[in-house]
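Each residue of the sequence shown is one higher than the one before, starting from 0 at the first, in numbering that gives the first Met the number 0.
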Amino acid sequence: MSASNMLKKTFPQVDAEGHNLPPSPAPSSPHGARRYNIATELVFTESNDQYNASSVPIYQSATFKQSSHEGGGEYDYTRSGNPTRTHLERHLAKIMSAQRALVVSSGMAALDVITRLLRPGDEVVTGDDLYGGTNRLLKYLATNGGIIVHHVDTTNPDKVKEVLSEKTAMVLLETPTNPLIKIVDIPTIATASHEANPGALVIVDNTMMSPLLLNPLDLGADIVYESGTKYLSGHHDVMAGVIAVNDASLGERLFFPINASGCGLSPFDSWLLMRGVKTLKVRMDQQQSNAQRIAEFLESHGFKVRYPGLRSHPQYNLHHSMSRGSGAVLSFETGDVSVSERIVANAKLWAISVSFGCVNSLISLPCRMSHASIDAKTRAERAMPEDLIRLCVGIEDVDDLIDDLQRAIAAIMSRSLSPDAALPIPSRDRKWNTSRLGARLGVDVVSAATAGVLTCPVITVIDRAIIEKASKGVPIRQTITSSFRSILSKPSGFFLGTPFLLIYAVYTSTYLTANTIDTVTSTLKDKPFSTVFPDTAKFLTTTAVNMGICVYKDARFARLFGANPQPPQPQGPSSTNGSPPTIPPRTTPPASCHPSGAMGAPKVPKISYTLFCLRDSITIFASFNIPALIAPSIPDAVAATPGMKAALAQFSCPALMQFASTPMHLLGLDLYNRQPPGGLGWRERALRIRRDYVPSCFARMGKIVPAYGVGGVVNIRMRAGLMGYLEGLEA
């Protein structure tokens, strides 16, 4: 009988390598006389399924048939065990230098399973620079579970020793810390913790390093956990968590809550994670190489860079005494929060996202994103700079990544960061980016014209309805209904008529002016063609163009649709109790959308022109400047993506501003409609404005939302798409 068969017969729960693991048709990879190098260990695995598949099969089954009513099968229910998951767990145990590995649904699920070992009154010692999710879970346990948590500077073992005691049940460490990239002396702290309390568990979050670069179990840790979502997977297409231990009884204690709660990793996700683990070496090698180059670039340009691969890192020697590499996460400070925000926003190759470990490069502001759950006061106490930028380096070409950072930085700096910096500052022989300028201006015209065609018919009808409501008392609904009937019966008359052409000229010119300013600015600043600039010059220019045409349009509309001159009506007897006089309603027949004009209509007074200008300047500012400023501040719960936030801001800002601009609009119309000597006094005008305020506000919203909401979004999105096409041709 072979040695392996004898071992199985003597210890039926122990496999050929002595692992006390659940039975599986997928044995651990053989080691032979020596252990393979880590690159080989990551890739080499074998299974003995019935078809000898080279890739472990996905056993996508919730249940397994049994040989009898007494059971007897290796697996019965996937919550308790699954062949695909077991294959992955054995493979991870091998590469993590562990006796047992367990996989669950996320990294935070792994930590949750570990903390279920705690009891009320237990004390936990942990760092003051933690992942936001870890901090949130510990705070919950401290508040609701009777757990005492000590946050100390774990990079200083003496600070840790000060709070260690017989009551210390758990010491939770991260190294490097996230996002300050501080290094923790695992062997020293593990020894001190076990001396203070032999039963204390030293837990290390190894997500930043992965098993390729660091094995905390070999350094004295009792439990190691990682987010498999990060480097182990490498593609951000699976959520997973891994727990590894060297003590069999501890492994059983951890397996119990996994089995009881059902948080074990699904078969398909186990297969995805297994696939990702095999490419860890090639991915991490490229990511580390890129990270080193990028850290050196940033440091050479004066930024304070935190990366253990730099000899300037205060714990460089400590880190490399424990690990086999520097990792691919670094952070740096700019000295100004607004500068950091603009660098993050200007980066193109670097995706703005939380998490790390993906093949794609990511950039983030930890204090605004991954660590936003830690309040500002606590962040300040823990010396976490608000301007800190975290870079999670991917496998792209490093020169492209550095060039993208250069462009993001140069876009906000008035001069290069150092005399020899190769920033993309325009050269003397080519100051402006005039490439495809004619085509870009053509895109501006097409985008503005298309947006005008889509929105101006509705605007024309609503604009008329508001004027006839204020001047003649015609219900807004009546005018809108009759106008749309007229459009359907005589479309050519409407689209060639003066009202529509005036409205089309107003809004198309406004869109075109904004587009042209963006194109000229991107030309002068050598920015991407589709860039939108919410600056003062754009506001002033678009306001001037809009008001120059719109005031003329308002005068024509007032004459076309306003009240005709009428002889003064005899006033009824005044009220004896001092109440304001009532305003009798007017009745007019349904209007046509093709007026012939009002001969002999009075001129529009200058004060009405002034009010119309003020009204339009407020609306334009709310349409072209405010949305770009407030969109980043919209909570993720309201709008999840930058595009959704921009669209929401573009719709809501001009609409809500009508509550402020409508009184100016109504007063300007009233001063025109009732201007004969001896006409209405200010008290009567205020009554009319109050009467028409609410319906006119919503009517103007119905006009402005198409004009600057729908029209603005159509114009911006169409321009961005066409400009992106031109940029692709340029590339």
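Even for Gly, the Cβ is constructed at its ideal location relative to N, Cα and C.
If we require 4 or more residues per run, which alpha helix (DSSP H) segments fall completely within the region 214-290?
Fully contained in the region 214-290 are the following alpha helix (DSSP H) runs of length 4 or more, in chain order: 247-260, 266-277.
As a quick exercise: from 648, 130, 46, 685, pick the residue whose alpha carbon is nearest that of residue 662.
The residue you call residue 662 lines up with position 663 of the sequence shown. Across the set 648, 130, 46, 685, the C-alpha of 685 shows the shortest separation from the C-alpha of residue 662.
Within the chosen definition, does the region 229-248 reach the region 43-60 through at least 3 CB pairs nearer than 8 Å?
no
For my contact list, residue 86 and residue 55 are in at a C-beta cut-off of 8 Å; report their separation, rounded to the angstrom.
In the sequence shown, the residue the question calls residue 86 occupies position 87. In the sequence shown, the residue the question calls residue 55 occupies position 56. Contact flag correct, Cβ pair sits at about 5 Å.
Using only the heavy atoms of the ligand GTP, determine whether one of them is closer than 6 Å to the beta carbon of residue 73.
Ligands displayed in this structure: none; no statement on the ligand GTP is therefore possible.
Residue 299: which of 375, 324, 405, 198 sits nearest, CA to CA?
As a working mapping, residue 299 is identified with position 300 in the sequence shown. Nearest option by C-alpha distance: 405.
By Cβ distance, which residues of its chain are closer than 8 Å to residue 725, with the 5 residues on each side in sequence left out?
Sequence index remark: in the sequence shown, residue 725 carries index 726 (1-based). Excluding residues within five positions, the ones whose Cβ falls inside 8 Å are 435, 438, 439, 442, 528.
Considering only C-alpha positions, which residue in the set 93, 387, 643 is nearest to residue 179?
As a working mapping, residue 179 is identified with position 180 in the sequence shown. The shortest Cα separation from residue 179 among 93, 387, 643 belongs to 387.
Which residue comes first and which comes last in the beta strand (DSSP E) that contains residue 363?
To locate residue 363, count along the sequence shown from 1; it is residue 364. Here the beta strand (DSSP E) through residue 363 covers 361-363.
Output the distance between the C-alpha atoms of residue 166 and residue 278, rounded to the nearest integer angstrom.
Position 167 of the sequence shown, counted from the first residue, corresponds to residue 166. Position 279 of the sequence shown, counted from the first residue, corresponds to residue 278. Near 42 Å, if we compare the C-alpha coordinates of residue 278 and residue 166.
For residue 224, count neighbouring Cβ atoms within 10 angstroms of its own Cβ and tell me buried if that reaches 16, exposed if not.
Position 225 of the sequence shown, counted from the first residue, corresponds to residue 224. It is buried - the Cβ of residue 224 has at least 16 other Cβ atoms within 10 Å.
Can you check DSSP and say which residues form a bridge with residue 145?
Here residue 145 is taken as the residue at index 146 of the sequence shown, counted from 1. None, per the DSSP bridge assignment.
Taking the C-alpha atoms as reference points, what is the distance between residue 235 and residue 393?
Numbered from its first residue, the sequence shown carries residue 235 at position 236. Numbered from its first residue, the sequence shown carries residue 393 at position 394. Near 12 Å, if we compare the C-alpha coordinates of residue 393 and residue 235.
Determine the direct distance from the alpha carbon of residue 690 to that of residue 683, and round the result to whole angstroms.
Locating residue 683 in the sequence shown gives position 684, counting from the first residue. Locating residue 690 in the sequence shown gives position 691, counting from the first residue. C-alpha separation (whole angstroms): 11 Å.
Where the beta strand (DSSP E) containing residue 100 begins and where it ends:
The residue given as residue 100 occupies position 101 in the sequence shown. Looking at the DSSP string, the run of the beta strand (DSSP E) that includes residue 100 is 99-103.
If you count every other CB in all the chains shown that lies within 10 Å of the CB of residue 649, and 16 or more means buried, which is it?
Position 650 of the sequence shown, counted from the first residue, corresponds to residue 649. By the 10 Å Cβ count, residue 649 comes out buried.
Could you give the uninterrupted runs of the alpha helix (DSSP H) lying entirely in the region 440-518, keeping only those of 4 residues or more?
As far as the region 440-518 is concerned, its whole alpha helix (DSSP H) runs of at least 4 residues are 475-488, 490-494.
Proximity winner among 607, 345, 546, relative to residue 617 (alpha-carbon distances)
Taking the sequence shown and counting its residues from 1, the one referred to as residue 617 is at position 618. For the residues 607, 345, 546, the minimum Cα distance to residue 617 belongs to 546.
Restricting to Cα atoms, I'd like to know which of 658, 542, 182, 131 is closest to residue 325.
As a working mapping, residue 325 is identified with position 326 in the sequence shown. Checked all of 658, 542, 182, 131; the closest Cα to residue 325 is 182.
Using only the alpha-carbon positions, how far apart do residue 250 and residue 215 sit?
Locating residue 250 in the sequence shown gives position 251, counting from the first residue. Locating residue 215 in the sequence shown gives position 216, counting from the first residue. Distance between the alpha carbons of residue 250 and residue 215 is about 16 Å.
By a C-beta neighbour count over all protein chains shown, 10 Å radius and 16 as the cutoff for buried, is residue 590 buried or exposed?
Here residue 590 corresponds to residue number 591 of the sequence shown, with the count starting at 1. Reliability of the predicted coordinates at residue 590 is poor, the pLDDT of 38 falling under 50, and the value obtained from them is presented with this limitation in mind. So residue 590 ends up on the buried side.
Look at the Cβ atom of residue 327, then the Cβ atom of residue 286, and state whether they are nearer than 7 Å.
Against the sequence shown, residue 327 aligns to sequence position 328. Against the sequence shown, residue 286 aligns to sequence position 287. A contact, by the Cβ cut-off of 7 Å.
For residue 719, the nearest candidate out of 445, 156, 498 (CA to CA):
Position 720 of the sequence shown, counted from the start, is the residue given in the question as residue 719. Comparing C-alpha distances from residue 719 to each of 445, 156, 498 shows the shortest one belongs to 445.
Using only the alpha-carbon positions, how far apart do residue 575 and residue 665 sit?
The residue given as residue 575 occupies position 576 in the sequence shown. The residue given as residue 665 occupies position 666 in the sequence shown. Summary for residue 575: the model assigns pLDDT 41, below 50, so the residue's position carries little reliability; its value from the coordinates is reported in the next sentence. Roughly 30 Å between the two C-alpha positions.
Three or more C-beta pairs closer than 8 Å, one from the region 331-351 and one from the region 94-109: is that the case here?
Using a Cβ-Cβ distance cut-off of 8 Å, the region 331-351 and the region 94-109 are not in contact, since fewer than three pairs of beta carbons, one from each stretch, lie closer than that value.
Are there 16 or more other CB atoms within 10 angstroms of the CB of residue 606, so buried, or fewer, so exposed?
In the sequence shown, residue 606 corresponds to position 607, counting from 1. Under this definition residue 606 is an exposed residue.
Cα-Cα separation, residue 373 to residue 453:
Looking up residue 373 in the sequence shown gives position 374. Looking up residue 453 in the sequence shown gives position 454. So the two alpha carbons sit approximately 46 Å from each other.
Examine the Cβ distances between the region 123-135 and the region 65-80 and report whether three or more of them are shorter than 8 Å.
Too few Cβ pairs lie closer than 8 Å, so no.
What is the DSSP secondary structure of residue 331, counted as helix, strand or coil?
Within the sequence shown, residue 331 is the residue found at index 332, counting from 1. In the structure shown, residue 331 sits in a strand (DSSP, three-state: E or B).
Going straight from the alpha carbon of residue 314 to that of residue 308, what length do you get?
Counting from one through the sequence shown, the residue named residue 314 turns up at place 315. Counting from one through the sequence shown, the residue named residue 308 turns up at place 309. Whole-angstrom Cα-Cα distance: 10 Å.
Bridge partners for residue 173 per DSSP, in chain order?
Working through the sequence shown from its first residue, we reach residue 173 at position 174. According to DSSP, which records beta bridges pairwise, residue 173 is partnered with 204.
Please tell me whether residue 172 and residue 203 are closer than 7 Å, where the distance is taken between their beta carbons.
Stepping through the sequence shown from its first residue, residue 172 is reached at position 173. Stepping through the sequence shown from its first residue, residue 203 is reached at position 204. For residue 172 and residue 203, yes; Cβs fall inside 7 Å.
By the 10 Å Cβ neighbour count, where 16 or more other Cβ atoms means buried, how is residue 552 classified, buried or exposed?
Stepping through the sequence shown from its first residue, residue 552 is reached at position 553. That one is buried.
When the distance is taken between beta carbons, is residue 211 closer than 7 Å to residue 237?
Counting from 1 along the sequence shown, the entry for residue 237 is found at position 238. Counting from 1 along the sequence shown, the entry for residue 211 is found at position 212. No. Outside cutoff.
Give a yes or no on whether the C-beta atoms belonging to residue 457 and residue 482 are separated by under 7 Å.
Here residue 457 is taken as the residue at index 458 of the sequence shown, counted from 1. Here residue 482 is taken as the residue at index 483 of the sequence shown, counted from 1. Between residue 457 and residue 482, the gap from beta carbon to beta carbon reaches 7 Å or more.
So, for residue 257: in the same chain, excluding its five sequence neighbours on each side, which residues have a beta-carbon less than 8 Å away from its beta-carbon?
Your numbering for residue 257 matches position 258 in the sequence shown. Cβ within range, chain order: 101, 103, 112, 263.
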